[in-house]
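Visitor: In this text, residue positions in the sequence shown follow our numbering: the first is 486, and each later residue adds one.
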Amino acid sequence: MTPTSFPEEIVKRQALLVEQKHELAEVFGFETRNRYVVSSEDGVAVAYAAEQQKGWSGFLMRQFLGHWRTFDLHFFDLGRKPILVAHHPFRWYFQRLEVSTAEGRSIGALQQRFAVLSKRFDVEDATGTARMTVSSPLWKIWTFPFMKGSKPVAVVAKKWAGLLAEGFTDKDRFRVEYQDPGLSAEERLLVLAAALFVDLQYFERKAR
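1. Can you tell which of V584, R660, F682 and L674 has its C-alpha closest to the C-alpha of E493?
2. So the alpha helix (DSSP H) I592 belongs to, where does it begin and stop?
3. Classify Y578: buried if its beta carbon has 16 or more other beta carbons within 10 angstroms, exposed otherwise.
4. On the DSSP letters alone, give me the boundaries of the beta strand (DSSP E) that E494 sits inside.
5. Nearest to E609 by CA position, among L623, Y663, A530 and V584, is which residue?
6. Taking 9 Å as the threshold (C-beta atoms), are Q596 and Q686 in contact?
7. If A534 and L681 are in contact, beta carbons under 8 Å, what's the gap, nearest whole angstrom?
8. Around the C-beta of S669, are 16 or more other C-beta atoms found within 10 angstroms, so that it is buried, or is it exposed?
9. Hey, L558 and E536 are a contact pair by Cβ (cut 8 Å); roughly how many whole angstroms apart?
10. What whole-angstrom Cβ distance do S635 and S620 have, given they're in contact under 8 Å?
11. Look at the alpha carbon of V522 and the alpha carbon of Q505, and state the distance between them as a whole number of angstroms.
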């Protein structure tokens, strides 16, 4: 898959919204498969993402291993055609999300780094080179700025989902803003994948 074959609705927009879809079981404390809708700022869906681990094994891993578990997230266009795969290997610490095209070509990865009093991870390209860094301080726990050196190039920000959703489910909403028009298609997709990484790493119930 070449960069030009990625859906333009994703790689050409200045901002996207990512909303997690929850099920009734989460109200009663059971973790269900993560599913997301990616939409434009006016609410028009442009893509979907869903965790692929089904059955009892996937259910048990979600309940007892939380964000440490191994899982795959698949992204689909509106025609349900696979466009992106994000793989999370099992790790107790320094979590990682590896992103590739549906055909298996590596795009890059998100790699958690050691930090004190902040949430920090690097955005790596396919060669393992850090292209962007992310550091969210304690006083801005819902905001994740993406930097190239000292230049801000993108930001992922969690949005308030409502009292019931925030208190009893894992239903989260994020706004993805691309501040640098020079970001490549691959970099934009990595920032989009980072919104899900942030949700699963820092806001999923078992991560709290």
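Cβ coordinates follow ideal geometry from the N, Cα and C atoms, glycine included.
Guide: Concretely, from the data shown:
1. Walking along the sequence shown from the start, residue 493 turns up at place 8. Shortest Cα-Cα distance from E493 to any of V584, R660, F682 and L674 involves L674.
2. On the sequence shown, residue 592 is found 107 positions in, with the first residue counted as 1. That residue, I592, is in no alpha helix (DSSP H); its beta strand (DSSP E) goes S591 to Q597.
3. By one-based count along the sequence shown, residue 578 stands at place 93. Y578 is exposed by the Cβ-count criterion.
4. Reading the sequence shown from its first residue, position 9 is the one you call residue 494. First-last for E494: E493 to V496, but that is the alpha helix (DSSP H), not the beta strand (DSSP E).
5. The residue you call residue 609 lines up with position 124 of the sequence shown. Out of L623, Y663, A530 and V584, V584 has the C-alpha closest to the C-alpha of E609.
6. In the sequence shown, the residue the question calls residue 686 occupies position 201. In the sequence shown, the residue the question calls residue 596 occupies position 111. Remark: C-beta atoms of Q686 and Q596 do not approach each other more closely than 9 Å.
7. For this step, residue 534 is matched to residue 49 along the sequence shown. For this step, residue 681 is matched to residue 196 along the sequence shown. With a contact defined as Cβ atoms closer than 8 Å, A534 and L681 qualify at about 6 Å.
8. Position 184 of the sequence shown, counting from 1, holds the residue named residue 669. Burial call: exposed.
9. One-based indexing of the sequence shown puts residue 558 at position 73. One-based indexing of the sequence shown puts residue 536 at position 51. Rounded, the Cβ-Cβ distance is 6 Å, consistent with contact.
10. Start at 1 with the first residue of the sequence shown, and residue 635 comes out as number 150. Start at 1 with the first residue of the sequence shown, and residue 620 comes out as number 135. That belief does not hold up - the Cβ atoms of S635 and S620 are roughly 12 Å apart, past 8 Å.
11. Translated into the one-based positions of the sequence shown, residue 522 becomes position 37. Translated into the one-based positions of the sequence shown, residue 505 becomes position 20. Rounded to whole angstroms, V522 to Q505 spans 7 Å at the Cα level.
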